Amino acid sequence: MKRIPRMTAAALMLALLLSLAGCGSADGKTHLTFQIWDVAQRASMEAICDAYTAQHPDVAIEVQVTSWDEYWTKLEAAAESNTMPDIFWMHTNQILYYADFGMLADVTDLYDDVEPGYYQNHFSEISIGNASGSDGRMYGVPKDKDNIVLVYNKEMFDAAGVPYPDADWTWDDLTEASQKIYDATGKYGYMAYNEDHLGYWNFVYQAGGCILTEDKTRAGFDQPATRRAMDFYLGMQKNDWCPDQTYFAETQPGVAFFSEIGSMYLEGNWELMNKSTSYPNMTGKWDITYLPKCPDPASGDGRATMSNGLCYSTAAHGKRLDTVLDVLKFFGTEEAQNIASSYGAAISAYIGTEQPYFDAFEKAGYDLNLQVIEDQFDYSVQCVNNSARPKWKSPVLDELTKAYNGQSDLDTVLDNMQTIVDEATAAALSK
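Each residue of the sequence shown is one higher than the one before, counting from 643 in this note's numbering.
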């Protein structure tokens, strides 16, 4: 039998020890990967990683950024091969899918040694819901919270002699202003495009309707209030002041707005710093305000804005789980969430860490009416989600396109959307 040379044996032993140590690094540190999809938040995520590693110099964390579409393709493939990143963002679109199939670590008890009821004491009900699975357990540490605002061009309003929109604005004011701005300037008014979170969902809840019933087992497209809101939202495209969906297929509303082609659109507060820095020539020309309210809702006061939020998650069976859970534990602290907020890219979810987000705009010299965001949290609606959403999201939007392009009438389309959601949900619940 051949003997392994002494040097070769030593090399093999070293490789084995490194693999068993779980770091695979000659520097003796535990190296972790942290996957995100938004380059605008790279700096804030690196900052909280640096804050952790300053306290734990034996750990190194690499923040990796990829595009939205590539992110989910790679994450699903990694989940199937048990090679998921050590830390990654989880979105409400997908968390139930990953959590319900046992792919995410349960972090419900992560803070039990710190404070009883930690999540309930420091995060809103919506933030907790965004990080929970169908079983009510926590599968991520809440990262941020947001809502949707109306972005408007002040110069176009001035040119048309229209007062700036405010908290009292209704749907009627929105359409009237759009017409006046179009007549006076030839620019588009409100740009209503085929989108859910940044589009019609907000109007549905303002009208007192719903996308999913409270128990999330059925769609709400058969409800009169929902249908009324959908009719209003899609009906705006019939006016000359609103581009059609063919236009939006090539030009997103945000691009049209900052190219000074249109006067109003809906945007998430997570994009405001990025837009401010990306379009310096527009500084002072635009502002944000409250979403217009439904003038005669079926229930409520006509106010609503969708609120979403990400969470920090890790794989259920990660190779460095103990270390990763300690990192996640830090990410959910007041210290880390204040740091993340201070970059102005997103408002951290931890209650009381909002102010650094607002301060970031002042430090950068961007004068926007950010009080709107804080006020709207009082009547925000949790972003629509159930375990079947990955199955019905795209088919619903595809079906709605048929109403936009005149291929089918709205009532038929809404009936079909109801069926799509109900059938996909029933199938998911039966598993």
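Glycine included, C-beta positions come from ideal geometry on N, C-alpha and C.
Remember, predicted model here, so these are calculated numbers, not experimental data.
Inside the segment 694-725, DSSP marks whole beta strand (DSSP E) runs of 3 or more residues at positions 701-707, from first to last along the chain. Taking all protein chains shown into account, glutamine 848 has 16 or more neighbouring C-beta atoms within 10 Å of its C-beta and is therefore buried. Across the structure, isoleucine 1062 and tryptophan 1034 are spaced so that their CA atoms are roughly 6 Å apart. In this structure the segment 722-742 lies against the segment 674-692, because at least three pairs of beta carbons, one per stretch, are closer than 8 Å. Inclusion of tyrosine 954 and lysine 785 in the CB contact set at 8 Å is warranted, their separation being smaller than that value. By a beta-carbon distance limit of 8 Å, alanine 693 contacts glutamate 977. Their separation comes to about 7 Å. Contact between the segment 931-943 and the segment 707-718 is absent: fewer than three C-beta pairs spanning the two stretches fall below 8 Å. Histidine 673 has Ala702 as its beta-bridge partners, per DSSP. Taken in chain order, the complete alpha helix (DSSP H) segments of 4 residues or longer contained in the segment 994-1068 are 997-1006, 1013-1018 and 1031-1046.
In the DSSP secondary-structure assignment, alanine 957 is bridged to Leu746.
Within the segment 868-935, the runs of alpha helix (DSSP H) at least 4 residues long that lie entirely inside it are, in chain order, 887-892, 895-900 and 914-920. Here alanine 696 is exposed. Its C-beta has fewer than 16 other C-beta atoms within 10 Å. Positions of the beta strand (DSSP E) runs, each at least 3 residues long and wholly inside the segment 825-876, are given as 830-832 in order along the chain. Taken atom to atom, the span from the alpha-carbon of threonine 725 to that of glutamine 1060 is near 37 Å. Buried is the label assigned to glutamine 865, since at least 16 other Cβ atoms lie within 10 Å of its Cβ. Distances from the CA of aspartate 873 to each of Glu892, Met915 and Trp813 were compared; the closest alpha carbon is that of Trp813. Counting only runs that start and end inside the segment 960-989, the alpha helix (DSSP H) elements of at least 4 residues fall at 963-973 and 976-983. In the structure shown, valine 756 falls within a coil segment according to DSSP collapsed to helix, strand and coil.
The segment 753-768 makes contact with the segment 990-1004; the number of CB pairs closer than 8 Å reaches 3 or more.
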